[in-house]
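Residue 1401 is where the sequence shown starts when you use my numbering, and the numbers rise one by one after that.
Note that the Cβ used here is the ideal one computed from N, Cα and C, for glycine as well.
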Amino acid sequence: MRGTRHWIVIGLVALVALGSVAAGCGSSGDDTSSSTTASGGSSGGNDLGLITDGTLTVGSDIPYPPFEQGKPPDYTGFDIDLVDAIANKLGLDTEIVDTSFATIFSDQQAGKFDIVASSTTITPARQKKVTFSDPYFNADQSLMVQKGGDLTTVDGITSDTRIAVQEGTTGQEYAETKTDAQVQAYPAIGTAFNALQAGQVDGVINDFPVSAYALRKYPQLDVIQTIPTGEEYGFPMQKSNTALIDAVNGALGDLIADGTYQDIFKKWFEKDPPKEFQPS
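Written out as structure tokens, the structure reads:
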């Protein structure tokens, strides 16, 4: 669904061994969870065109670890921590609405939430429907296979190769437009990983950090190649809500400047973020 950028596979293995590094996305269920964010600088959101005054309602496809994961009311992950920090800067509470990634943009257009925090890659097609925040994460795709399998590179994918992806993601778009594979789309990335583990497909194309993190659960699988795509994640919002867009971008800039973003990044990835996301 969704996307990491210039990390090599050797670095990936070390990163996964350390601990915390899901596309694309997770399951759906329209579960909601509220988490309180204390202080902040806005007037409770009354001037931000929010669905509920004082609350930032957030659509997210869960699970997609390490970006979104957990059970209500205890959602966590890089995206969740970051959007909570943004809400805190704006003096708002947050309410998380678990929503299928396949419908997340139409659900937002229908007014079900104020903002999406779901590892969402900024693309021209999506920008026709929503306005994204400033980028907050660099993202590439990757190829995951069974250890010892015949498939060793993306170039080895043929018309006989079965590639699993998550429905509605940039991984699906890449597999369908850049390879000759038989593409099998699943509603949740975990289902795609399970299909690969069971030998039902030959590989998975998905966001690099999510696939890397999944190796903790699927040690018999391996991410053998990063696929540089230059993708970036952003937080989608309604095009008409310019006040919220400006406020979110301002808060995100503040979090980068004061080091909060760096702290959240290191919590989940155990390394410093790229320089553009570090305090200047």
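(request) State yes or no: is the C-beta of N1538 within less than 9 Å of the C-beta of P1674? (result) yes
(request) Inspect the beta-carbon positions of D1493 and T1455 and report whether they are closer than 9 Å. (result) yes
(message) Measuring straight from C-alpha to C-alpha, what distance separates L1655 and A1595?
(response) 39 Å
(request) Please go through the same chain and pick out, in chain order, the residues whose beta-carbon is closer than 6 Å to the beta-carbon of F1532, but skip the five residues on each side of it. (result) I1522, G1634 and P1636
(request) Go to I1462, then tell me how far its beta strand (DSSP E) extends in each direction, as first and last residue. (result) It is not in any beta strand (DSSP E) - I1462 carries neither H nor E in the DSSP assignment.
(message) Rounded to the nearest angstrom, what separates W1668 and I1451 at their Cα positions?
(response) 30 Å
(message) Suppose you measure from the CA of T1552 to the CA of A1588; what does that come to, to the nearest Å?
(response) 24 Å
(message) Taking 9 Å as the threshold (C-beta atoms), are V1601 and R1562 in contact?
(response) yes
(request) For the alpha helix (DSSP H) containing Y1574, list its first residue and its last residue. (result) T1570 to K1578
(message) Using the three-state DSSP reduction, which class does A1564 fall into: helix, strand or coil?
(response) strand
(message) Only counting the same chain, and skipping five residues up and downstream in sequence, which positions put a Cβ closer than 7 Å to that of Q1620?
(response) Q1546, K1547 and Q1597
(message) Can you find the residues in the same chain that come closer than 8 Å, C-beta to C-beta, to I1645, ignoring five residues on each side of it along the sequence?
(response) T1531, S1533 and M1637
(request) Tell me whether S1611 sits in a helix, a strand or coil according to DSSP, three-state version. (result) helix
(message) Along the chain, where does the alpha helix (DSSP H) containing A1647 start, and where does it finish?
(response) T1642 to A1657
(request) Tell me whether G1440 sits in a helix, a strand or coil according to DSSP, three-state version. (result) Per-residue confidence for G1440 stands at a pLDDT of 39, beneath the threshold of 50, marking its modelled position as unreliable; the derived number appears in the next sentence. Three-state DSSP puts G1440 in a strand.
(message) Three or more C-beta pairs under 8 Å: does that hold for the segment 1648 to 1666 against the segment 1571 to 1581?
(response) no
(request) Express the C-alpha separation of F1501 and Y1464 in angstroms, rounding to a whole number. (result) 10 Å
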